[in-house]
Amino acid sequence: MIMKKISEAIKKRPIIGWAIFVTVMVIVFLLGLLAASITERRAEIATLYSNKKVEIKGINPHSSEWGINYPREYNTWLKTKNMDFQSKYNGNIKQDVLENRPQMVVLWAGYAFSKDYTAPRGHNYAIEDIHHTLRTGAPQTDTDGPQPATCWTCKSPDVPRVMNEIGIEKFYNKKWGALGKEIVNPIGCADCHDPKTMALTITRPALIEAFARQGKDIKQATPQEMRTLACAQCHVEYYFTKEGNYLTFPWDKGMSVEAIEEYYDNKKFTDWTHALSKAPMLKAQHPDYELFSVGPHAKRGLSCADCHMPYVSEGGIKYSNHQVMSPLNNISSTCQTCHRDSEEKLRNYVYEYQDKAKEIRDRLEKELAKAHIMAKIAWDKGASEKEMAGVLKLLRQAQWRWDYVVASHGSTFHAPVEAQRILAHSLDKTMQAQLQVQKVLFNHGVKDVTLPDITTKAKAQKYIGLDMAKENSNKENWIKNTLPKWLEDAKKTGKLSK
Ligand code: HEC
Ligand code: HEC
Ligand code: HEC
Ligand code: HEC
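Numbers 8 to 505, taken from the numbering used here, label the letters of the sequence shown in order.
Okay, structure coming up:
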């Protein structure tokens with residue numbers, strides 16, 4: 008019926024026939040284009056994996072070579088070099104933390120952190136920053152201190168390469184300076200990926216061993232868990248064993264701040280003896296993974312990569328943004344993939360948690376520094392070991408808790424309630440320490456203590472007895488004379504990426 012009407016119409020006016028013909032041709036052409044573009048996209052995704060332009064073999068620390076196959080991931084990874092973002096408390100810019108909070112110099116008296124401590128920045132700076140910090144000193148020979156090679160472990164894909172070559176124990180047993188010509192490329196593809204399948208992989212033995220001691224096989228982790236465990240290779244609490252400096256994660260009794268403290272107490276482990284109070288101290292590293300795990304987002308099954316490596320869509324290709332940094336630089340592709348709130352609101356949720364924790368933290372740092380100084384004065388007045396034992400234990404416990412929260416730079420957002428809980432206990436133990444040491448001071452005839460002026464980094468460093476002029480000039484000479492030799496050698500042997 009309809010066909011008859013159409014053919015009659017065409018007979019009357021042939022132009023209608025032509026119009027139908029042209030329309031059909033255009034539609035066919037457009038459908039063809041769409042089909043072509045879909046196959047092209049499919050092919051492009053397939054190319055990513057099967058038609059690799061270069062074959063990556065073994066543990067290859069040269070991220071630029073992986074970049075030939077995966078330019079999107081490589082180009083975003085390169086951006087961890089950027090220094091252009093500052094949120095209220097964090098960012099990718101180098102910041103002198105001791106200058107901003109000079110009490111920390113007193114808290115770490117007798118430990119290398121009192122000399123130099125800067126806020127973290129992008130993964131691309133891992134090697135440059137460990138070269139330049141005063142904490143690694145100025146080793147002239149392969150056997151010079153102060154640090155063991157274990158300090159390299161979270162800085163470079165050359166670490167799994169060298170461990171594979173010389174063995175894990177031998178690696179940790181060396182001095183830091185002995186591997187200066189070997190460990191030269193910053194955190195890169197080979198730290199997290201298997202070159203054959205590009206699957207995430209664990210390259211750091213300490214994480215595999217910690218799981219094994221708890222009877223867990225890390226190879227059984229789900230893909231979503233791997234998006235967190237790749238980061239937990241480095242963003243965790245750890246210590247070096249007294250014999251052999253073997254890198255170990257202290258999780259055998261659990262991952263809470265108390266369980267880890269119990270682990271250290273049982274081993275009678277101390278990182279150092281405080282130079283003022285003589286307390287047997289623990290240095291918390293950066294328990295980002297441990298604290299994140301008890302926070303609201305981990306409980307809903309999120310992984311680190313969900314916020315720090317968000318997906319990007321580009322011409323039909325979905326890939327992970329490898330510019331690992333503060334998610335606040337990119338709220339639309341991080342928080343807003345799940346939350347409907349405005350960017351401003353989401354940013355303020357983070358700031359609110361951080362501001363509230365900072366209220367306690369600032370008070371705590373002041374009181375804890377004061378407690379160490381009061382203990383020093385008590386020793387100076389002739390206090391006995393027996394009188395001071397309780398004070399020293401409280402100082403160890405208080406500072407462990409403070410450091411645990413502060414050294415995990417995202418903690419007050421990752422796990423706001425747990426961070427506040429730990430800070431509260433720290434403040435409580437600090438005030439108990441002050442009360443106890445006050446009694447000791449009374450017994451030795453001291454009614455009032457006059458606190459030293461520690462209002463700047465320089466004043467605080469002078470007070471704890473550091474000779475910063477000497478420290479700085481040793482380092483400057485080392486940077487001028489030794490470091491270029493390391494890099495020159497690594498270039499000659501082809502170990503340093505171009
Ligand atoms: C700190 C660990 C880490 C480093 C370093 C790293 N990646 Fe990734 N990469 C990841 C994570 C996490 C994913 C997401 C995996 C998933 O979702 O299963 C990923 C995904 C990928 C994928 C799969 C497609 C995609 O984008 O999601 C490719 C390809 C890739 N990375 C290439 C690279 C290259 C090339 C480098 C070096 C320039 C590199 N990666 C460095 C952690 C890392
Ligand atoms: C091989 C060890 C290692 C791995 C694996 C690793 N990191 Fe890091 N990360 C570091 C080091 C070291 C720094 C500090 C670099 C510096 O300041 O020089 C850092 C810095 C950071 C920063 C601060 C960046 C800035 O702009 O301030 C963030 C955020 C971060 N890492 C998140 C992650 C996430 C998320 C993962 C997993 C996808 C991860 N890291 C995997 C070692 C590692
Ligand atoms: C729900 C989102 C989210 C998840 C998931 C998440 N983070 Fe964060 N992270 C943040 C936010 C927000 C900040 C604070 C950024 C700021 O203040 O600029 C932060 C801060 C950090 C910092 C400090 C950054 C700096 O510039 O100093 C590190 C390191 C970090 N996170 C690592 C991790 C690791 C490791 C994991 C997984 C164990 C993880 N994050 C999971 C949102 C997240
Ligand atoms: C992959 C999804 C996802 C991403 C990305 C994400 N969130 Fe969430 N967020 C959740 C879920 C799920 C909850 C739990 C919601 C609930 O139980 O009502 C949550 C809870 C929260 C809460 C309430 C926490 C509490 O104490 O219960 C805040 C605040 C929040 N998110 C902020 C952020 C911010 C800021 C970012 C970006 C840095 C972010 N989220 C990224 C999924 C996400």
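We treat Cβ as the ideally placed atom computed from N, Cα and C, and that holds for glycine.
Counting along the chain, residue 319 sits inside the beta strand (DSSP E) bounded by residues 318-321.
Leaving aside the five residues that flank residue 262 on each side, the residues in its chain whose CB is nearer than 6 Å to its CB run, in chain order, 297. Of the other Cβ atoms in all chains shown, fewer than 16 fall within 10 Å of the Cβ of residue 345; this residue is therefore exposed. Taking 4 residues as the shortest admissible run, the segment 338-422 contains the following complete alpha helix (DSSP H) segments, listed from N- to C-terminal end: 350-387, 392-413 and 418-421.
For residue 121, no beta strand (DSSP E) run applies, since DSSP gives it neither H nor E. Under the three-pair Cβ rule at 8 Å, the segment 421-430 does not count as touching the segment 391-399. Residue selection by CB proximity (closer than 6 Å to any heavy atom of ligand 4) returns 303, 304, 307, 309, 313, 314, 334, 341, 342, 344, 345, 346, 353, 356 and 357 in chain order. Looking at the backbone, the Cα of residue 34 and that of residue 18 are separated by about 24 Å. With fewer than three CB-CB distances shorter than 8 Å, the segment 412-419 does not count as touching the segment 374-384. By alpha-carbon distance to residue 94, the top candidate from 438, 274, 361 and 260 is 361. Contact between residue 256 and residue 245 holds, since their C-beta atoms are separated by about 5 Å, short of 8 Å. Taking 9 Å as the cut-off, the Cβ atoms of residue 180 and residue 251 count as close. Between residue 319 and residue 340, the gap from beta carbon to beta carbon is short of 9 Å. Beta-bridge partners of residue 117 (DSSP): none assigned. Excluding its 5 nearest sequence neighbours in each direction, residue 149 has C-beta neighbours in its own chain below 8 Å: 181, 182, 184 and 185, listed in chain order. Of the heavy atoms belonging to ligand 3, none sits nearer than 8 Å to the Cβ of residue 292.
A residue is called buried when at least 16 other Cβ atoms come within 10 angstroms of its Cβ; residue 218 meets this threshold and is buried. Around the C-beta of residue 463, fewer than 16 other C-beta atoms lie within 10 Å, and the residue is accordingly described as exposed.
Counting C-beta atoms within 10 angstroms of its own C-beta, residue 313 has 16 or more neighbours from the protein chains shown and is therefore classed as buried.
A distance criterion of 8 Å places the beta-carbon of residue 351 beyond contact range of ligand 1, judged by its closest non-hydrogen atom. For residue 200, the pairing in a beta bridge is given by DSSP as 207.
A distance criterion of 8 Å places the beta-carbon of residue 235 in contact range of ligand 3, judged by its closest non-hydrogen atom. At the C-beta level, residue 86 and residue 129 come within 9 Å of one another. When DSSP assignments are scanned along the segment 126-169, the uninterrupted stretches of alpha helix (DSSP H) that are 4 or more residues long and fall wholly within it turn out to be 133-139.
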